[in-house]
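Data block below; observations after.
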Amino acid sequence: MKKIFAATQGLTDRPTHYCPGCTHGVIHRMVGECLEELGIRERTVGIAPVGCAVLAYEYFNCDMFEASHGRAPAVATGAKRSRPDLILFTYQGDGDLASIGMGEIIHAANRGEKITVIFVNNAVYGMTGGQMAPTTMPGQYTTTSPYGRDTAEVGYPVRMTEILAELTTPAFVARVSTHTTKEIIRAKSIIKQAFRYQKDNTCFTFVEVLSTCPTNWGLSPRESEKWLEQEMLPYYSLGIKKRPEDFEEKQHGGH
């Protein structure tokens with residue numbers, strides 16, 4: 042009998058701590074499969090963040106560092122510059138990367154550090170109790186915005202992918218989603234492309250992954266998928282926003 046599905050060697054064989062319906066597990070699997078399929082798992086080092094994925098070092102079957110809140114790009118930079126032969130990836134949430142880590146990620150991208158960043162955007166601080174995050178949607182209810190996010194008072198959600206795509210430094214920058222099977226398949230392809238660029242020592246790579254948070258959104262898993270599609274997608278458009286080839290074309294006078 043032909044075997045058509047198997048556990049990836051990119052992940053350890055243990056249950057995760059994530060809430061039911063959370064798509065962190067889906068994202069973990071995509072990353073793990075990419076490391077295995079590209080043949081880079083044994084020379085990969087991941088950086089676990091502060092946040093929901095704080096225990097990621099227990100799930101990825103590769104060497105891992107634990108970084109201070111928001112500082113994963115700095116840790117990855119040090120490791121990559123010390124050992125350029127390694128594959129380095131950070132796995133960060135929106136509170137970790139877009140708030141306290143805003144400076145870290147912008148400067149790492151602007152320097153063109155040859156690392157891969159997996160940025161999980163679920164529009165809320167997950168682990169600490171569902172507070173408003175830099176990515177929280179206008180009008181979205183959280184524990185610190187009980188009347189909904191007021192853009193007149195706190196501004197609009199931060200689009201990290203678009204911000205990084207505006208930097209001059211060559212990079213691969215994209216946004217994907219996990220709310221349907223079709224989008225998950227597309228997301229894995231783009232994540233794999235990001236790691237392939239790093240494998241080829243090409244450029245900094247960044248993939249933002251829109252994710253659900255049923256617990257803090259106060260919705261069922263199915264309702265969360267629909268909320269992501271209806272509320273987040275119109276604001277956080279999917280797709281590849283920047284490629285290193287774009288820079289080459291501009292340098293040679295292309296349009």
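First residue of the sequence shown: 42, per our numbering; consecutive thereafter. Virtual Cβ for every residue (Gly too), placed ideally from N, Cα, C.
Rounded straight-line distance, which links the Cα of residue j to that of residue i
i, j, result
"residue 128", "residue 118", "11 Å"
"residue 161", "residue 134", "5 Å"
"residue 145", "residue 208", "14 Å"
"residue 274", "residue 126", "37 Å"
"residue 205", "residue 268", "26 Å"
"residue 184", "residue 242", "43 Å"
"residue 298", "residue 91", "The chain is shown only over 42 to 296; residue 298 falls outside these bounds and no answer can be derived."
"residue 253", "residue 220", "8 Å"
"residue 191", "residue 179", "6 Å"
"residue 150", "residue 45", "38 Å"
"residue 95", "residue 83", "22 Å"
"residue 93", "residue 42", "39 Å"
"residue 81", "residue 50", "11 Å"
"residue 113", "residue 131", "6 Å"
"residue 181", "residue 79", "39 Å"
"residue 53", "residue 288", "38 Å"
"residue 140", "residue 175", "6 Å"
"residue 55", "residue 100", "7 Å"
"residue 177", "residue 203", "16 Å"
"residue 168", "residue 290", "43 Å"
"residue 173", "residue 272", "16 Å"
"residue 48", "residue 73", "10 Å"
"residue 171", "residue 163", "10 Å"
Where residue i falls: helix, strand or coil (DSSP)
i, result
"residue 106", "strand"
"residue 162", "strand"
"residue 31", "The displayed coordinates of the chain run from 42 to 296. Any statement about residue 31 would go beyond what the structure contains."
"residue 208", "coil"
"residue 251", "strand"
"residue 98", "helix"
"residue 261", "coil"
"residue 245", "strand"
"residue 157", "strand"
"residue 184", "coil"
"residue 46", "coil"
"residue 118", "helix"
"residue 137", "helix"
"residue 191", "coil"
"residue 169", "coil"
N- and C-terminal bounds of the beta strand (DSSP E) containing residue i
i, result
"residue 280", "280 to 283"
"residue 213", "212 to 218"
"residue 199", "That residue, residue 199, is in no beta strand (DSSP E); it is neither H nor E in DSSP."
"residue 271", "Note, residue 271: premise wrong, no beta strand (DSSP E); not H, not E."
"residue 130", "128 to 134"
Own chain residues within Cβ distance below 8 Å of residue i, not counting five before or after
i, result
"residue 255", "60, 61, 62, 63, 261, 262, 264, 265"
"residue 105", "86, 87, 88, 89, 97, 98"
"residue 121", "127, 129, 154, 155, 156"
"residue 278", "216"
Contact set for residue i: own chain, Cβ-Cβ below 6 Å, skip 5 residues either direction
i, result
"residue 281", "215"
"residue 138", "146, 160"
"residue 232", "71, 75, 248"
"residue 270", "220"
"residue 235", "157, 213, 246, 248"
"residue 258", "265"
"residue 283", "206, 212, 214"
Extent of the continuous alpha helix (DSSP H) to which residue i belongs
i, result
"residue 111", "No alpha helix (DSSP H) contains residue 111, which DSSP labels as neither H nor E."
"residue 238", "222 to 240"
"residue 144", "143 to 152"
Own chain, CB closer than 7 Å to residue i, minus 5 neighbours either side, in chain order
i, result
"residue 244", "153, 155, 211, 212, 213, 238, 285"
"residue 67", "219, 225"
"residue 189", "180, 181, 182"
Chain C within 7 Å of residue i, Cβ atoms only
i, result
"residue 234", "Among the protein chains of the structure shown there is no chain C, as only one such chain exists."
### Task
Note down, one range per segment and in chain order, each alpha helix (DSSP H) of at least 4 residues found wholly within the stretch 49 to 96.
Listed in chain order, the complete alpha helix (DSSP H) runs (minimum 4 residues) inside the stretch 49 to 96 are 65 to 78.
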